[in-house]
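Residue numbers (mature numbering (1 follows the signal peptide of the UniProt record, and there is no 0)): -18 to -1, 1 to 120. Some notes on the structure that comes next.
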Amino acid sequence: MEKFVFLCVVLMACSLEAHNVHLSKDQKEKIQQYTVECIKETGVKTELIEEAKKGQLSDDGGFKKFLFCFFQKTGMLTSDAKLNTEVALSKLPPGIDKAAASKLLDECKAKKGKDSADTAYEIFKCYYSGTKQHVIFA
């Protein structure tokens, strides 16, 4: 399976906006596929995804469920929201400092929420705020 970003990311449904990150066609297609699937599965409001694209992360329950769904589909989170750092690192695209990402992921994997979706959100928020390179889905 081709690598694609630990997202940083945030989600949306059709195109992808990457900042200093180069993704392959396959990576973009997988991200779009998972995004569409998770929007359908969670019912997240697309406006929340649009806001996330601008850096405004919502603590809405639907958005949190979306993140959990997305990261579970990528294999980066287990069904009980444990971060698989090895998988996350393997999905980082070229141009990302893997040593720095590994350190940040180790810090973020300790984040816990009241349930799996909340934990996914806390991990994502930690990683998103700790890196300058983001992949935002639109």
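Using N, Cα and C, we set each Cβ at its ideal position, and we do this for glycine too.
query                                                                                                             : result
Nonlocal neighbours in the same chain, by C-beta distance under 7 Å from K107, ignoring five residues either side : L39
CB-CB length for A102 against F50, believed under 8 Å                                                             : 4 Å
Cβ-based neighbour list, K94, same chain, cut-off 6 Å, excluding 5 preceding and 5 following                      : T101
Buried/exposed call for I118, threshold 16 Cβ in 10 Å                                                             : Interpretation of I118 is limited by its pLDDT of 49, a score under 50 that renders its predicted location unreliable; the figure taken from the coordinates is listed afterwards. Per the 10 Å Cβ criterion, buried.
Opposing strand residues paired with L59 [DSSP bridges]                                                           : L65
Identity of the residue in A83, T60, P75, E32 nearest K10 by Cα                                                   : P75
The ligand MN heavy atom lying under 6 Å from the CB of A92                                                       : The model on display carries no ligand, and the ligand MN is accordingly not part of it.
Integer Cβ distance of D88 from T67, believed to fall under 8 Å                                                   : 7 Å
Under the three-state DSSP convention, the category V26 falls into                                                : coil
Rounded straight-line distance, which links the Cα of G112 to that of G43                                         : 22 Å
Residue range of the unbroken alpha helix (DSSP H) whose run includes I105                                        : 98 to 112
Proximal residues to C20 (C-beta, below 6 Å), its chain only, five neighbours per side dropped                    : F48, C51, F52
Environment of K12 [buried if 16+ CB atoms lie within 10 Å]                                                       : buried
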